[in-house]
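Colleague: If you scroll down you'll find the structure; I have some questions about it.
There are 2 protein chains.
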Amino acid sequence: MTATAPRDLVERFRAGDRAALARLISFVENGKAAGMRAMGDLYGSTGTAYVVGITGPPGAGKSTLTNALIRGYRARGQTVAVVAVDPSSALTGGATLGDRIRMLDNFDDPGVYIRSMATRGEMGGLSIGVGAVVHLLDAYGFDMILIETVGVGQDEVDVGELADTTLLIQVPGTGDSIQAIKAGVLEIADVLVVNKADLPGANDMVRDLRMMLRLSESRPWTPPIVETVASEHRNTDALIDKLDQHRQFLEDSGEGRIRRARRDRREVVRLARRQLTREIEAVASDAGLDDLFTSLANRDADPITVASVVARRTVDRFRQDG
Amino acid sequence: MTATAPRDLVERFRAGDRAALARLISFVENGKAAGMRAMGDLYGSTGTAYVVGITGPPGAGKSTLTNALIRGYRARGQTVAVVAVDPSSALTGGATLGDRIRMLDNFDDPGVYIRSMATRGEMGGLSIGVGAVVHLLDAYGFDMILIETVGVGQDEVDVGELADTTLLIQVPGTGDSIQAIKAGVLEIADVLVVNKADLPGANDMVRDLRMMLRLSESRPWTPPIVETVASEHRNTDALIDKLDQHRQFLEDSGEGRIRRARRDRREVVRLARRQLTREIEAVASDAGLDDLFTSLANRDADPITVASVVARRTVDRFRQDG
Chain A
1002 MTATAPRDLV
1012 ERFRAGDRAA
1022 LARLISFVEN
1032 GKAAGMRAMG
1042 DLYGSTGTAY
1052 VVGITGPPGA
1062 GKSTLTNALI
1072 RGYRARGQTV
1082 AVVAVDPSSA
1092 LTGGATLGDR
1102 IRMLDNFDDP
1112 GVYIRSMATR
1122 GEMGGLSIGV
1132 GAVVHLLDAY
1142 GFDMILIETV
1152 GVGQDEVDVG
1162 ELADTTLLIQ
1172 VPGTGDSIQA
1182 IKAGVLEIAD
1192 VLVVNKADLP
1202 GANDMVRDLR
1212 MMLRLSESRP
1222 WTPPIVETVA
1232 SEHRNTDALI
1242 DKLDQHRQFL
1252 EDSGEGRIRR
1262 ARRDRREVVR
1272 LARRQLTREI
1282 EAVASDAGLD
1292 DLFTSLANRD
1302 ADPITVASVV
1312 ARRTVDRFRQ
1322 DG
Chain B
1002 MTATAPRDLV
1012 ERFRAGDRAA
1022 LARLISFVEN
1032 GKAAGMRAMG
1042 DLYGSTGTAY
1052 VVGITGPPGA
1062 GKSTLTNALI
1072 RGYRARGQTV
1082 AVVAVDPSSA
1092 LTGGATLGDR
1102 IRMLDNFDDP
1112 GVYIRSMATR
1122 GEMGGLSIGV
1132 GAVVHLLDAY
1142 GFDMILIETV
1152 GVGQDEVDVG
1162 ELADTTLLIQ
1172 VPGTGDSIQA
1182 IKAGVLEIAD
1192 VLVVNKADLP
1202 GANDMVRDLR
1212 MMLRLSESRP
1222 WTPPIVETVA
1232 SEHRNTDALI
1242 DKLDQHRQFL
1252 EDSGEGRIRR
1262 ARRDRREVVR
1272 LARRQLTREI
1282 EAVASDAGLD
1292 DLFTSLANRD
1302 ADPITVASVV
1312 ARRTVDRFRQ
1322 DG
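Sequences listed follow chains A and B, in order. Residue 1295 in the working numbering sits at position 294 of the first sequence; the count goes up by one each step and never skips. Residue 1138 in the working numbering sits at position 137 of the second sequence; the count goes up by one each step and never skips.
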């Protein structure tokens, strides 16, 4: 690869070349500075896509629901990009969420783009990488961007920081694993879906969710609960209507502008932190500090003091580099 | 609270005052600089405790097993501190892991100390806060420190960065939720426990785990698999023997020294990153940048460029403050 390749890619991207889109996404995914610079160059073309985050526990039917949403949006004439965030694929090498969506329907529709991303557990990695990919898809011109992520731990909260509207899927009868995460995740949900609503226990689950919503802090928007059977596309059009209503609410109430401003600020903090973290790691693995780390190992120094030395050196180094 | 209180607490801590230990832990947990400084002051007394991380999915019986380990170590004359890390308690306000351990046996034994900590989902928060608390417990003189954490997402990987020996608990018949996380977590496990080994499917699980271990990269230490019924203390002494064997392996092979050095370096990186992150957040919420964020919202600036400005201002500010 020559040094000018990313610039060529940006031009090809602007001309609508899908291979260029895929290449730039790969650059971003692999943490290459050129990918982030390209995203920066293309950022002026963003701002028209609407971003829906889709999260929920494993087995809730996220891929099936995503598939149904793609169909529904396409039927309304909108183009759709999907970012399927897969925390395990980097480790297992198995089928990714994106593969699973593709397997459901053989999408050869040019109005649909599906991409899997592995997170690799890097802190802030999901948000930085996926956030940049969302900007690329937005700049490319997709009307709808769906971010699908497995609800384990931090990732599902992060998706709430990237999406305009966050959809939380639950399924009846999954008991205590939901119990463990429900409270925190409920706060980020704008629309609740009880999928596999033909299973026993669906009514109980809807009632429980309704009660939890009543107990939680009152908000100007009360998340609706939509019962779907995504595998049969049952009620998924009603779900799209609810997503549209939330979008309208965000616009009418001014809440959308507030959310976007908050999201911008957080993205900038994450990007700045990543810049400085890379410097910190470089400084901390510098052989020049070996004596200091030996002192730490011998308890002649403490981690707070050593960290202050590292922070100061990082700052000095950053200024020199800049 | 007067400004000198933390220093008094350090003196009382050194004299063995348990209330002072609890107060300093609270300081650390609440992210107070005074708590971290006290930890730094006391760091010279650390280095004698042995740290075991205990992780696994919800319902695997971690609290019950922790309880059995406390009993076992006490029977051998060792003092035990437990840090029960509870990702949900900050949100739900419900019973914490620590409460659950205490409910199992009414510990009024002065050789046992049990403490719950909430993580609040802050990135790197588990490692920084729990790491500092482990140092305090070590300095206080506990022989064994057990860190118990629910295995959801990033936290279980983090516990591997804090512990000398990491114990992963599984239970028969929990199917695909384990599937999703097993691969990554297996890499950090030094000892595997199949708990509730009297349930059907235990043999299958042991066989599956053995196969996964064979398929994974060969390591100088092969994690043993111990079948327990923790609620009946069945085989928990054999488990303690395995933990002792791993400790011996770490010492004999030199791997323990390597791990500790790596852990020190990571802790320093985390602490330095936290110092700089706080500055970044302060800079990013400074009204002086409002125009820049307005440009970002209007797509006249891009996030990469704005982040560079924030990083540079952070560095300038850090130097002025220092």
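Glycine residues also receive a C-beta, built at the ideal position from the N, C-alpha and C atoms.
#1: Any beta carbon from chain B within less than 8 Å of Pro1304 of chain A's own beta carbon?
#2: Can you have a look at Glu1233 of chain A and say buried or exposed, based on whether 16 or more other CB atoms are within 10 angstroms of its CB?
#3: Counting only runs of 4+ residues fully inside the stretch 1033-1058 of chain B, write out the alpha helix (DSSP H) ranges in chain order.
#4: State the DSSP-derived secondary structure class of Ala1285 of chain A, mapped to helix, strand or coil.
#5: Please go through the same chain and pick out, in chain order, the residues whose beta-carbon is closer than 6 Å to the beta-carbon of Thr1003 of chain A, but skip the five residues on each side of it.
#6: Can you tell me which of B:Ser1046, B:Ile1026, B:Gly1078, B:Ala1085 puts its alpha carbon nearest to the alpha carbon of Ile1324 of chain B?
#7: Thinking C-alpha only, which one of B:Gly1036, B:Val1053, B:Glu1030 is nearest Asp1009 of chain B?
#8: Between Ile1129 of chain B and the rest of its own chain, which residues show a CB-CB distance below 7 Å, the 5 nearest in sequence each way excluded?
#9: Does DSSP classify Ala1082 of chain B as helix, strand or coil?
#10: Whose C-beta lies closer than 7 Å to the C-beta of Val1011 of chain B among residues of the same chain, with five residues either side of it excluded?
#11: When you compare each of B:Ser1309, B:Arg1267, B:Arg1258, B:Gly1257 to Ile1281 of chain B by their alpha carbons, which one comes out closest?
#12: Using a threshold of 8 Å, state whether the C-beta atoms of Glu1162 of chain A and Arg1019 of chain A are closer than that.
#13: Could you tell me whether the Cβ atoms of Thr1229 of chain A and Asn1196 of chain A are closer together than 8 Å?
#14: Using the Cα positions of Ser1296 of chain A and Val1134 of chain B, report the straight-line distance between them to the nearest angstrom.
#15: Interface residues of chain A around Ile1281 of chain B at Cβ under 8 Å?
#16: In terms of DSSP beta bridges, what is Ser1117 of chain A paired with?
#17: Whose C-beta lies closer than 8 Å to the C-beta of Gly1062 of chain A among residues of the same chain, with five residues either side of it excluded?
#18: Inspect the beta-carbon positions of Pro1225 of chain B and Val1192 of chain B and report whether they are closer than 8 Å.
#19: Find the nearest neighbour of Val1227 of chain A within the set A:Ser1217, A:Leu1210, A:Arg1313, judged by alpha-carbon distance.
#20: What residues in the stretch 1042-1066 of chain A bring their beta carbon closer than 7 Å to a beta carbon of chain B?
#21: Cα-Cα, which of A:Gly1255, A:Arg1300, A:Gln1321, A:Ala1312 is closest to Thr1049 of chain B?
#22: Whose C-beta lies closer than 8 Å to the C-beta of Phe1143 of chain A among residues of the same chain, with five residues either side of it excluded?
#23: Among A:Gly1045, A:Arg1024, A:Phe1014, whose alpha-carbon lies nearest the alpha-carbon of Ile1305 of chain B?
#24: Once the 5 residues before and after Tyr1141 of chain B are set aside, which same chain residues still bring their CB inside 6 Å of it?
#25: Just the Cα atoms here: how many angstroms apart are Ala1298 of chain A and Leu1214 of chain B?
#26: Taking all protein chains shown into account, do 16 or more other C-beta atoms lie within 10 angstroms of the C-beta of Met1206 of chain B, making it buried, or fewer, making it exposed?
#27: Can you find the residues in the same chain that come closer than 7 Å, C-beta to C-beta, to Asp1177 of chain A, ignoring five residues on each side of it along the sequence?
#28: Using a C-beta to C-beta distance shorter than 7 Å, which residues of chain B count as neighbours of Ala1308 of chain A?
#29: In this structure, what does DSSP give as the bridge partners for Ala1310 of chain B?
#30: Residues of chain B with a CB under 7 Å from the CB of Arg1263 of chain A: which are they?
#31: Compare the beta carbon distance of Val1194 of chain B and Leu1066 of chain B with 8 Å and say whether it is the shorter of the two.
#32: Let me confirm a value: Ile1259 of chain A is counted as buried when at least 16 other C-beta atoms fall within 10 Å, else exposed. Which label applies?
#33: Establish whether the CB of Phe1028 of chain B and some CB of chain A are separated by less than 8 Å.
#34: Distance cutoff 8 Å, beta carbons only. Does Ala1298 of chain B sit that close to anything in chain A?
#35: Compare the C-alpha of Leu1290 of chain A against each of A:Ala1312, A:Val1269, A:Thr1278, A:Leu1187 and name the closest.
Modeller: For this structure:
#1: By 1-based counting over the first sequence, the position of residue 1304 of chain A is 303. Chain B contact via Cβ: present.
#2: For the purposes of this step, residue 1233 of chain A is identified with residue 232 of the first sequence, where counting begins at 1. Burial call: exposed.
#3: 1034-1043
#4: Locating residue 1285 of chain A in the first sequence gives position 284, counting from the first residue. Three-state result, Ala1285 of chain A: helix.
#5: Residue 1003 of chain A sits at position 2 when you count from the first residue of the first sequence. Low confidence applies here, because Thr1003 of chain A scores a pLDDT of 45, under 50, leaving its location unreliable and the question unanswered by this model.
#6: Residue coverage of chain B in this structure runs from 1002 to 1323, which leaves residue 1324 of chain B outside it and unanswerable.
#7: Start at 1 with the first residue of the second sequence, and residue 1009 of chain B comes out as number 8. Of B:Gly1036, B:Val1053, B:Glu1030, the residue nearest in Cα terms is B:Gly1036.
#8: For this step, residue 1129 of chain B is matched to residue 128 along the second sequence. Arg1271, Leu1272, Arg1275, listed in sequence order.
#9: Walking along the second sequence from the start, residue 1082 of chain B turns up at place 81. In the structure shown, Ala1082 of chain B sits in a strand (DSSP, three-state: E or B).
#10: Within the second sequence, residue 1011 of chain B is the residue found at index 10, counting from 1. Spatial neighbours of Val1011 of chain B in its own chain (CB-CB distance under 7 Å, excluding positions within 5 residues in sequence) are listed in chain order as Ala1039, Asp1042, Leu1043.
#11: The residue given as residue 1281 of chain B occupies position 280 in the second sequence. The option with the nearest alpha carbon to Ile1281 of chain B is B:Ser1309.
#12: Position 161 of the first sequence, counted from the first residue, corresponds to residue 1162 of chain A. Position 18 of the first sequence, counted from the first residue, corresponds to residue 1019 of chain A. No, these two residues do not count as a Cβ contact at 8 Å.
#13: Here residue 1229 of chain A refers to the residue found at position 228 of the first sequence. Here residue 1196 of chain A refers to the residue found at position 195 of the first sequence. In this structure, Asn1196 of chain A lies closer than 8 Å to Thr1229 of chain A by Cβ.
#14: Along the first sequence, one-based indexing puts residue 1296 of chain A at 295. Along the second sequence, one-based indexing puts residue 1134 of chain B at 133. Their backbone Cα atoms lie some 21 Å apart in a straight line.
#15: Position 280 of the second sequence, counting from 1, holds the residue named residue 1281 of chain B. Residues of chain A passing the Cβ test: Val1270, Ala1273, Arg1274, Leu1277.
#16: Your numbering for residue 1117 of chain A matches position 116 in the first sequence. BP columns for Ser1117 of chain A point to A:Ala1085.
#17: By 1-based counting over the first sequence, the position of residue 1062 of chain A is 61. Cβ within range, chain order: Ile1170, Val1172, Asn1196, Lys1197, Ala1231, Ser1232.
#18: Stepping through the second sequence from its first residue, residue 1225 of chain B is reached at position 224. Stepping through the second sequence from its first residue, residue 1192 of chain B is reached at position 191. Result yes, Cβ atoms of Pro1225 of chain B and Val1192 of chain B sit closer than 8 Å.
#19: As a first step, residue 1227 of chain A must be located in the first sequence, where it is residue number 226. Taking only the C-alpha atoms, the option nearest Val1227 of chain A is A:Leu1210.
#20: Tyr1044, Gly1045, Thr1047, Gly1048, Pro1059, Gly1060
#21: In the second sequence, counting from the first residue as 1, residue 1049 of chain B sits at position 48. Ranking the options by Cα distance to Thr1049 of chain B, first place goes to A:Arg1300.
#22: Your numbering for residue 1143 of chain A matches position 142 in the first sequence. The residues are Ala1050, Thr1080, Val1081, Ala1082, Tyr1114.
#23: Translated into positions along the second sequence, residue 1305 of chain B becomes position 304. The residue with the shortest Cα to Cα distance from Ile1305 of chain B is A:Gly1045.
#24: The residue you call residue 1141 of chain B lines up with position 140 of the second sequence. Excluding positions up to five away in sequence, the list reads Leu1022.
#25: Against the first sequence, residue 1298 of chain A aligns to sequence position 297. Against the second sequence, residue 1214 of chain B aligns to sequence position 213. Taking the straight line from one Cα to the other gives about 32 Å.
#26: Position 205 of the second sequence holds residue 1206 of chain B. Met1206 of chain B comes out buried.
#27: Taking the first residue of the first sequence as 1, we reach residue 1177 of chain A at position 176. Caution is warranted here: a pLDDT of 42 is assigned to Asp1177 of chain A, below 50, making its placement in the model unreliable, and the coordinate value is therefore given only provisionally. Nothing listed; no residue qualifies.
#28: Translated into the one-based positions of the first sequence, residue 1308 of chain A becomes position 307. Under the 7 Å cutoff, chain B gives Val1269, Leu1272, Ala1273, Gln1276.
#29: Here residue 1310 of chain B refers to the residue found at position 309 of the second sequence. The residue asked about is misnamed: residue 1310 of chain B is Val in this sequence, not Ala. Answer by DSSP bridge pairing: none, since Val1310 of chain B is not bridged.
#30: Locating residue 1263 of chain A in the first sequence gives position 262, where the first residue counts as 1. Those do not exist, as Arg1263 of chain A stays about 10 Å from chain B at its closest Cβ, beyond 7 Å.
#31: What you label residue 1194 of chain B is simply residue 193 of the second sequence in a count that begins at 1. What you label residue 1066 of chain B is simply residue 65 of the second sequence in a count that begins at 1. Their beta carbons are under 8 Å apart, which means Val1194 of chain B touches Leu1066 of chain B by this criterion.
#32: As a first step, residue 1259 of chain A is located in the first sequence; it is residue number 258 there, counting from the start. Flag for Ile1259 of chain A reads exposed.
#33: Residue 1028 of chain B sits at position 27 when you count from the first residue of the second sequence. Not one chain A Cβ lies under 8 Å of Phe1028 of chain B.
#34: By 1-based counting over the second sequence, the position of residue 1298 of chain B is 297. It does; some Cβ of chain A falls within 8 Å.
#35: If you number the first sequence from 1, residue 1290 of chain A lands on position 289. Leu1290 of chain A has its Cα closest to that of A:Ala1312, out of A:Ala1312, A:Val1269, A:Thr1278, A:Leu1187.
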